[in-house]
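One structure is given here, and the rest of the page talks about it.
Residue numbers (full-length UniProt numbering): 1 to 269.
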């Protein structure tokens, strides 16, 4: 995908403010004899509307657990999670979710995958189709609208999954290591693509990653979580100019912040 594929026109910040208060989440052991695991305990965090927040922490600290609760896939044992002042009680179209593996129906074309959400909620057919086709143009898949997922490359499947989520116009985009399984070149292309999309739409993003450099490149703020049970260990403001290009990673300012975040991460184990 070319760097000029998306015409970026920053817009005003959209709703999507998140408030997480005293969240606790545990998992029972597999048997009566095995001990359970406390994934999160007393977790607090605010995410501003239109902000790009990265969650960073060691394996098992509860990052994905927290994202699943934000999505409404599971409930907290204690505490409260709200979006725009409304408590999260289950999944909703205002919260889009992207996982490491693109969630596409293999029996549907790219266009029909994007249209699945609008059809399910009874959107007007002609308008939904026009919007889906426009999104495919935006993500650089206009010529692949009739292709099936197995006919797309890894990066193309990720972009199709983006379009499928964006067609629902979410206020909050939740991303769980979406580029973790990609090769280095495709990963860089997808990071650039995500930055362009965020500049265009400015929806709120909560992005889970293990990669310190990725977090510094993408985020407005970085929340470093402690080891199990997960709590907020440190929060860093990423005071680097936007729009961001990958050349930023070669600057002294980038390297300095990256070192600070890594030190906090190493201390979280």
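Cβ coordinates follow ideal geometry from the N, Cα and C atoms, glycine included. On a predicted model such as this, the values are computed, not experimentally measured, just so you know.
Going straight from the alpha carbon of residue 24 to that of residue 127, what length do you get?
Your numbering for residue 24 matches position 24 in the chain shown. Your numbering for residue 127 matches position 127 in the chain shown. Rounded to the nearest angstrom, the two C-alpha atoms are 43 Å apart.
Residue 95 to residue 266, Cα distance in whole Å?
Mapped onto the chain shown, residue 95 falls at position 95. Mapped onto the chain shown, residue 266 falls at position 266. Near 31 Å, if we compare the C-alpha coordinates of residue 266 and residue 95.
Going by alpha carbons, who is nearest to residue 16 out of 212, 83, 164?
Within the chain shown, the letter at position 16 stands for residue 16. The candidate whose alpha carbon is nearest that of residue 16 is 83.
Unbroken beta strand (DSSP E) run spanning residue 55, endpoints
Along the chain shown, one-based indexing puts residue 55 at 55. Run containing residue 55: 52 to 56, per the beta strand (DSSP E) assignment.
Whole alpha helix (DSSP H) elements within the stretch 218 to 248, 4-residue minimum:
none
Bridge partners for residue 43 per DSSP, in chain order?
Locating residue 43 in the chain shown gives position 43, where the first residue counts as 1. Residue 43 is bridged to 23.
To the nearest angstrom, how far is it from the Cα of residue 253 to the Cα of residue 242?
Locating residue 253 in the chain shown gives position 253, counting from the first residue. Locating residue 242 in the chain shown gives position 242, counting from the first residue. Spanning the two alpha carbons is a distance of roughly 14 Å.
Report the three-state DSSP secondary structure of residue 101 (helix, strand or coil).
Your numbering for residue 101 matches position 101 in the chain shown. Residue 101 falls in the coil class under three-state DSSP.
Would DSSP call residue 126 helix, strand or coil?
Looking up residue 126 in the chain shown gives position 126. Helix at residue 126.
If you follow the beta strand (DSSP E) that residue 82 is in, where does it begin and where does it stop?
Mapped onto the chain shown, residue 82 falls at position 82. It spans 78 to 83 - the beta strand (DSSP E) in which residue 82 sits, taken as one unbroken run.
What span of residues does the beta strand (DSSP E) with residue 173 cover, start to end?
Reading the chain shown from its first residue, position 173 is the one you call residue 173. Start and end: 172 to 176.
Given residue 200 as reference, the closest of 28, 166, 46, 249 once Cα atoms are compared:
Against the chain shown, residue 200 aligns to sequence position 200. Ranking the options by Cα distance to residue 200, first place goes to 166.
In this structure, how does DSSP classify residue 117 when only helix, strand and coil are distinguished?
For the purposes of this step, residue 117 is identified with residue 117 of the chain shown, where counting begins at 1. In the structure shown, residue 117 sits in a helix (DSSP, three-state: H, G or I).
Measure the Cβ-Cβ separation of residue 98 and residue 162 and say whether it is below 9 Å.
Position 98 of the chain shown holds residue 98. Position 162 of the chain shown holds residue 162. Contact: yes.
Cα separation between residue 7 and residue 195?
The residue given as residue 7 occupies position 7 in the chain shown. The residue given as residue 195 occupies position 195 in the chain shown. Confidence in residue 7 is poor, its pLDDT being 40 and thus under 50, which makes the residue's placement unreliable; the coordinate value appears in the next sentence. Straight-line Cα distance between these residues: approximately 12 Å.
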